[in-house]
Amino acid sequence: MLLTGYHHPVKLPLFDTLSRPVVSNPNPQGNSQPLDLGAVHGGMYLLQVRTAVSLEKGHVMRE
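The UniProt record's numbering numbers the first residue of the sequence shown as 1 and each following residue consecutively.
Here you go:
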């Protein structure tokens, strides 16, 4: 999964439905950020897109 178009470095924590952290990118760089979901089991997850100036939330479905 690759998110692009942000003007600030991006952090992408991914949480399960019980709000437990599943995946994160601890060293965000630039405005295009990959998130490796290869080890994540199928299901619904909450993705936070954090920059220095904003926080966006969305759902990710992994099949």
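Glycine included, C-beta positions come from ideal geometry on N, C-alpha and C.
Could you name the residues of the same chain whose beta carbon sits closer than 8 Å to that of residue i, not counting the 5 residues immediately before and after it, in chain order?
| i | result |
| --- | --- |
| LEU55 | GLN48 and VAL49 |
| THR17 | GLY43, MET44, TYR45 and LEU46 |
| HIS59 | MET44, TYR45, LEU46 and LEU47 |
| SER19 | LEU46 |
| VAL40 | LEU14, VAL22, VAL23 and ARG62 |
If we count the other Cβ atoms within 10 Å of its Cβ and call it buried at 16 or more, is residue i buried or exposed?
| i | result |
| --- | --- |
| VAL23 | buried |
Is the distance from the Cβ of residue i to the Cβ of residue j below 8 Å?
| i | j | result |
| --- | --- | --- |
| MET1 | LEU35 | yes |
| LEU37 | ASN25 | no |
Excluding the 5 residues flanking residue i on each side, which residues of the same chain have their C-beta closer than 7 Å to its C-beta?
| i | result |
| --- | --- |
| VAL53 | HIS8 |
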